[in-house]
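Trainee: Encoded as structure tokens, here's the structure I'll be asking about.
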Amino acid sequence: MVSERFPVTLTINGQKIVRDVEPRTLLVHFLRDDLNLTGTHVGCDTSQCGTCTILLNNQAVKSCTILTVQADGAEIVTVEGLEREHLHPVQQAFWEKHGLQCGFCTPGAMMLAAYLINQEGPLTEEAIRRQLDGLLCRCTGYENIVRAIKRAQEIIEEGDKERSQETAQSTWG
Amino acid sequence: MMKKEVIEMAQVIGQPLKRQEDIRLIRGQGQYTDDIKLPGMLYAYILRSPYAHAKILSIDTTVAKTMPGVVAIFTGNDLKDEVGLIPTAWIPPDSDLHVPPHPALAYDTVRYQGDGVAVIIAESPYQAQDAAFKISVQYKPLPVVTDPRDAVQDQAPLVHSEIAHNIAFHWRAGDNLDDIFSQADVVVKQQFRQQRLIPSAMEPRCAVADYHGATGELTLWATTQNPHIHRLLMSGILGISEHKLRVIAIDVGGAFGSKISCYPDEVIVSWASQKLHRPVKWTETRQENFLVTTHGRDHVEEVELAGTRDGHIQAVRVKVYANMGAYLSTAAPGVPTILFGLIINGAYKIAHASSEVFGVLTHTTPVDAYRGAGRPEATFLIERMVDLYALAIQMDPLDVRKKNLIRPDEFPFTNPFGLEYDSGNYQATLDKALQIFNYEEFRRDQENLRKQGKYIGVGFSTYVEMCGLGPSEVAGAVGFQGGLWESATVRVHPTGKVSVFTGASPHGQGEETTFAQIVAEELGIPIEDIEVIHGDTAQIAMGWGTYGSRTTAVGGAAIHMANQKVIEKARKIAAHKLEVNEDDVVFDKGVFMVKGLPARSIQFQQVALDAYLAWNLPPGIEPALEGTAFYNPKNFTYPFGVHIAVVSVDTDTGDITLMRYIAVDDVGKIINPMIVEGQVHGGLVQGIGQALWEGAEFDNQGQLITGSFLDYTVPKARFFPRFETAHTETPSPHNPLGVKGVGETGAIASTPAIVNAVMDALRPFNIFDLPMPLTPHKVWNAIRQAQLSS
Ligand code: FES
Ligand code: FES
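If you're matching them up, the sequences are chains C and H in order.
In the numbering used here, each residue carries its 1-based index in the first sequence increased by 80.
In the numbering used here, each residue carries its 1-based index in the second sequence increased by 498.
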């Protein structure tokens, strides 16, 4: 209970962050309260709901289940870091396919989706449903989340095609 | 549905446009209450009773007060003379209702596990919690009752000593049907348990209060479905004038009824902020959400149905013990009475019906509205009874439905309790569902599979619900202590862009887009030029919020009326400018034209600018362009539909697999089909959740044993097949948009469809009813019992 503080260094959404934190501070609270990255939400205290999901060294991780000091040195992406110049394919797909209603589970759902579409090969609908096990959404009935993840894969494929065409052209040019 | 790049004006209604609110939400830039952080903000932690019933002997806060960061600790005794009681705002008439006193913090007796006894306010949430562990409370445990039937017995412990037999109210509707039942050919009796459910919105509740000593103003950010109702109630509880109170709820992370109520927690932080002159935040943990955020359903129902041998239903009656929990939550008494007891005949033409309801207090978490509120319970009752009746007379359950459904030429239809169903074509929804689902083929498959020892079943459910809650006269007549109209202001800016202010307070249902579509269509302006503002009592004078699928039917209609006022004034200005008579000006797709001379025209945006410049307005016309309307609906609206569920039961494990789910709903005119479909999906998952997995349970000491997501199954993605949804459109005749309301349909129709399907699958075992949720263990046990006794 003595609030001794420990230094941590993290890269969050591409930015290096150095802070002193209480060792018991959960990563999700550090993100929300210390860094004002309130896009990551807290929905439970049992690691069930997945609304707090972020990418930690490219893995989908529940940020309510890890202490900030444990994440020392890690590279973290939160929902605020998804978008660069354009909406991330996952954001675009959730929007197009109505993958959100109240939007509370959505940042976590999208981070999980971003992780899933980075995996080898396209996922079947059934596989997506299974992979969504770590996520609770009370609004959408999941169907449109599933559609959104499939759509995100398509957008990436389309993007890859475009990019390879662009490369091809520039090689010829 | 195809998305067009350019959507032609005047075709905005009916298009599956992407939602406007999503832009901030997918960027993580929503403004949920817990995202609010104010300078100097303190954090509250509420210490709660571990006992369901106990006397508080003493509370010792001496150590806790010295803990780091602690600013103040208050107990029930500190609050009790300074803040009012937590109110009950629905007092059904003729029900002899007793409202037990509900203090914000218990000071004498705790009455359910989770009842608050003290609040710790500290510089950080971790510090507040640390200090809470150092408070020692001495309790004397008292006897507990959790079941509503036990609670009315003579020897049962009383939840509130002044309420005899724990009966908070006794309400009846309908006639005495003894003669009809004694003379009927067939009488079917069944007892149902509508188990208790936990709404489980993904966003826990939260409240941030900020009191300014100098102005005497209190701003409260809160997770609420109805900020204006909150302001009204809080004003009474805290003794602050309404105009000094501001309630804000911009983004709310789901609610499903559980954020209608006024809760002790928001009263506590408001009062604490007043005391300490600093902002105070309280954020619910999930554990608290399970324990103290209102639960839903929880009835024991004794039902009887009378009919002829050839399938004609004559009468239905029910006696209900509705478990209200330890206190009467804000809207709670209206749910098992008005919203349930008056519609138990469902979509059927049944000449006689009667309801009798005991609202019973127990040592459990208070219940209140939960998605569908009363109507799922009513639909379950009649839809299960139809199947049991069909079984009794050896008729196909689909044929019994066909025989008794209200016919299209019978609308407006007055049900046995006097409710007037506005419009409907129930046969059309059934026909459409049967186009998707080949019933005969299914029965053949079922027969063949049974021979191989595989058991599949089909369940039908028809439903009708009352939505679009209003008019205010009815609200008064049924004892709802509020109005049920809605307000809208359509403010056109000098550039022709529009801000819409609505008193409805959507929280995930997509009305920022639905409402913008109404304005875009009617004013003929691009949807991007419209913003919809809600959830802030400082910006919107008055409104009644979002619940009971009323938002588009009532709030949308108010916007339509406000649009008409805008157009009316703009037409005058345009006529003046075009130098013609007002009657000679037509307005179409955003352009005012002289009749017969389309070349002489003026754009809506130009008129807007003229209205603000006011250099040359017609005589008697005030500058600026906006319309405000207050729409008080003529009646409820009555969405309806037919759902079909197909399941298979694994007799070795009791596992139920949902194979197909078909939902054909008629929600009146559809503004945005994508949003409507999304609402149906969400409702289905909750309704199917009730049938198969969800159920709150207390042990005999009143301990909630399903107190986390580990013990209470909120459905997951892999539990479901792809839903098959379709619609018919029968407009409501009495609201200007023809809309009816969709938010609850899925939750209403799906529960009985699923249970009927499982019972159909289990027919070879002579299992005709099982209590929900139909967990594998329960199903497996029933099958084993059946096999042993055969
Ligand atoms: S907040 Fe629920 S899993 Fe992290
Ligand atoms: S969109 Fe509301 S919880 Fe998922």
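Where is the CB? At the ideal position from N, CA and C, for every residue including glycine.
Considering only DSSP beta bridges, list what H/G823 is partnered with.
Mentor: Within the second sequence, the letter at position 325 stands for residue 823 of chain H. Bridge partners of H/G823: H/L859.
Trainee: Would you mind giving the Cβ-Cβ distance between H/P1313 and H/P1131, rounded to the nearest angstrom? I have them listed as a contact below 8 Å.
Mentor: What is shown of chain H runs 499 to 1288, which leaves residue 1313 of chain H out entirely.
Trainee: Run down chain C in chain order and give the residues with a C-beta less than 9 Å from the C-beta of H/R784.
Mentor: In the second sequence, counting from the first residue as 1, residue 784 of chain H sits at position 286. Chain C residues near H/R784: V122, G123, C124, D125, T126, Q128, C129.
Trainee: Can you list the beta strand (DSSP E) stretches of 3 or more residues lying completely in the segment 1109-1162 of chain H, in chain order?
Mentor: List check, beta strand (DSSP E) in window: 1123-1129, 1138-1147.
Trainee: At what residues does the beta strand (DSSP E) containing C/R99 begin and finish?
Mentor: For the purposes of this step, residue 99 of chain C is identified with residue 19 of the first sequence, where counting begins at 1. 95-101 is the extent of the beta strand (DSSP E) around C/R99.
Trainee: Cβ closer than 7 Å: which chain C residues qualify as neighbours of H/G1176?
Mentor: As a first step, residue 1176 of chain H is located in the second sequence; it is residue number 678 there, counting from the start. Within 7 Å Cβ-Cβ: H178, Q181, T220, N224.
Trainee: Below 7 Å on C-beta distance, what does H/K643 contact in chain C?
Mentor: Locating residue 643 of chain H in the second sequence gives position 145, where the first residue counts as 1. Per the sequence shown, residue 643 of chain H should be read as Val rather than Lys. Near H/V643 there are no residues of chain C at all, since even the closest Cβ is about 29 Å away, more than 7 Å.
Trainee: Report the residue from H/E786, H/G755, H/I880, H/W719 whose alpha carbon sits nearest the alpha carbon of H/V799.
Mentor: Position 301 of the second sequence holds residue 799 of chain H. Looking at the sequence itself, residue 799 of chain H is Glu, so the reference to Val does not match. Considering only alpha carbons, the answer is H/I880.
Trainee: H/Y610 to H/A666, Cα distance in whole Å?
Mentor: Position 112 of the second sequence, counted from the first residue, corresponds to residue 610 of chain H. Position 168 of the second sequence, counted from the first residue, corresponds to residue 666 of chain H. Rounded to the nearest angstrom, the two C-alpha atoms are 16 Å apart.
Trainee: Using a cut-off of 9 Å between C-beta atoms, extract the partners of C/V157 located in chain H.
Mentor: Walking along the first sequence from the start, residue 157 of chain C turns up at place 77. Neighbours of C/V157 on chain H: none; closest Cβ ~11 Å, over 9 Å.
Trainee: From this set, C/G123, C/I208, C/T148, which residue's C-alpha is nearest C/T89's C-alpha?
Mentor: The sequence position of residue 89 of chain C within the first sequence is 9, counting from 1. Looking at the Cα atoms, C/T148 is the closest of the given residues.
Trainee: If you reduce the DSSP assignment to three classes, tell me which class H/K1093 lands in.
Mentor: Position 595 of the second sequence, counted from the start, is the residue given in the question as residue 1093 of chain H. DSSP places H/K1093 in coil when its eight states are reduced to three.
Trainee: What residues from chain C crowd round H/S1206, counting only those whose CB sits closer than 7 Å?
Mentor: As a first step, residue 1206 of chain H is located in the second sequence; it is residue number 708 there, counting from the start. By Cβ distance, chain C contributes T126.
Trainee: If you follow the alpha helix (DSSP H) that H/A1284 is in, where does it begin and where does it stop?
Mentor: Indexing the second sequence from 1 puts residue 1284 of chain H at position 786. 1274-1287 is the extent of the alpha helix (DSSP H) around H/A1284.
Trainee: Is C/R209 close to chain H, meaning its C-beta is less than 7 Å from at least one C-beta of that chain?
Mentor: Residue 209 of chain C sits at position 129 when you count from the first residue of the first sequence. Yes, its Cβ sits closer than 7 Å to a Cβ of chain H.
Trainee: Go to H/Q1188, then tell me how far its alpha helix (DSSP H) extends in each direction, as first and last residue.
Mentor: To locate residue 1188 of chain H, count along the second sequence from 1; it is residue 690. Here the alpha helix (DSSP H) through H/Q1188 covers 1171-1190.
Trainee: Using a beta-carbon distance below 7 Å, is H/V1212 in contact with chain C?
Mentor: For the purposes of this step, residue 1212 of chain H is identified with residue 714 of the second sequence, where counting begins at 1. With 7 Å as the cut-off, H/V1212 counts as an interface residue toward chain C.
Trainee: Given that H/V750 touches chain C, what residues does it touch there, using C-beta distances under 8 Å?
Mentor: Taking the first residue of the second sequence as position 1, residue 750 of chain H is located at position 252. Going along chain C in sequence order, the residues near H/V750 (Cβ under 8 Å) are C182.
Trainee: Taking 7 Å as the limit, name every residue whose beta carbon sits nearer than that to some heavy atom of ligand 2, in sequence order.
Mentor: Those satisfying the condition are, in chain order, C/L180, C/Q181, C/C182, C/G183, C/F184, C/C185, C/T186, C/A189, C/C217, C/R218, C/C219, C/T220, H/M700, H/G751, H/G752, H/G1006.
Trainee: Leaving out five residues on either side along the sequence, give the residues of the same chain with a beta carbon under 7 Å from the beta carbon of H/D648.
Mentor: Mapped onto the second sequence, residue 648 of chain H falls at position 150. Excluding positions up to five away in sequence, the list reads A654.
Trainee: Which same chain residues, not among the five before or five after H/R795, have their C-beta less than 8 Å away from its C-beta?
Mentor: As a first step, residue 795 of chain H is located in the second sequence; it is residue number 297 there, counting from the start. Correct list, in chain order: Q692, Q693, R694, L695, V865, Y868, P874, E875, Q1188.
Trainee: Find out if the Cβ-Cβ distance for the pair H/G1006, C/C219 is shorter than 7 Å.
Mentor: In the second sequence, residue 1006 of chain H corresponds to position 508, counting from 1. In the first sequence, residue 219 of chain C corresponds to position 139, counting from 1. Yes; because the gap between Cβ atoms is below 7 Å, this pair is in contact.
Trainee: Which residues does DSSP list as the beta-bridge partners of H/A1224?
Mentor: Stepping through the second sequence from its first residue, residue 1224 of chain H is reached at position 726. H/A1224 pairs with H/V1162.
Trainee: Alpha carbons only, please: which of H/L1107, H/T1049, H/I1031, H/I1057 is nearest the one belonging to H/K1075?
Mentor: Start at 1 with the first residue of the second sequence, and residue 1075 of chain H comes out as number 577. Cα-wise, what sits closest to H/K1075 is H/L1107.
Trainee: From the beta carbon of C/Q171, is the nearest beta carbon of chain H less than 7 Å away?
Mentor: On the first sequence, residue 171 of chain C is found 91 positions in, with the first residue counted as 1. Chain H, which has a Cβ nearer than 7 Å to the Cβ of C/Q171, makes this yes.
Trainee: Can you tell me where the beta strand (DSSP E) holding H/D1086 begins and where it ends?
Mentor: Walking along the second sequence from the start, residue 1086 of chain H turns up at place 588. Unbroken beta strand (DSSP E) run through H/D1086: 1083-1086.
Trainee: State the DSSP-derived secondary structure class of H/Q693, mapped to helix, strand or coil.
Mentor: In the second sequence, the residue the question calls residue 693 of chain H occupies position 195. Reduced to three states, the DSSP call for H/Q693 is strand.
Trainee: Against chain H, does C/T118 count as a neighbour if the rule is that its beta carbon must be under 7 Å from one of theirs?
Mentor: Here residue 118 of chain C is taken as the residue at index 38 of the first sequence, counted from 1. Yes, because at least one Cβ of chain H sits closer than 7 Å to the Cβ of C/T118.
Trainee: Tell me which residues share the same chain as H/H668 and place their Cβ nearer than 8 Å to its Cβ, disregarding the 5 neighbours each side in the sequence.
Mentor: For this step, residue 668 of chain H is matched to residue 170 along the second sequence. Excluding positions up to five away in sequence, the list reads S593, D594, E854, V855, F856, G857.
Trainee: Could you name the residues of chain H that C/R104 contacts, counting a contact when the two beta carbons are closer than 8 Å?
Mentor: Looking up residue 104 of chain C in the first sequence gives position 24. Simply Y624.
Trainee: Give a single yes or no on whether C/C129 has its beta carbon closer than 6 Å to a heavy atom of ligand 1.
Mentor: In the first sequence, residue 129 of chain C corresponds to position 49, counting from 1. For ligand 1, at least one heavy atom lies less than 6 Å from the Cβ of C/C129.
Trainee: Going by DSSP in three states, H/T781 sits in which element: helix, strand or coil?
Mentor: Within the second sequence, residue 781 of chain H is the residue found at index 283, counting from 1. DSSP places H/T781 in strand when its eight states are reduced to three.
Trainee: Using the Cβ count rule (16 or more neighbours within 10 Å means buried), how would you classify H/Q509?
Mentor: On the second sequence, residue 509 of chain H is found 11 positions in, with the first residue counted as 1. Exposed, by the Cβ-count rule.
Trainee: Taking the DSSP output, what are the residues bridged to H/S634?
Mentor: As a working mapping, residue 634 of chain H is identified with position 136 in the second sequence. For H/S634, which the question treats as bridged, DSSP gives the partners H/D558.
Trainee: Using a beta-carbon distance cut-off of less than 8 Å, what residues from the segment 1042-1053 of chain H approach chain C?
Mentor: Cβ contacts with chain C: none found.
Trainee: Apply the 10 Å Cβ neighbour rule to H/E971 and answer buried if 16 or more other Cβ atoms are within range, or exposed otherwise.
Mentor: Position 473 of the second sequence, counted from the start, is the residue given in the question as residue 971 of chain H. Looking at its Cβ environment, which holds fewer than 16 other Cβ atoms inside 10 Å, H/E971 is exposed.
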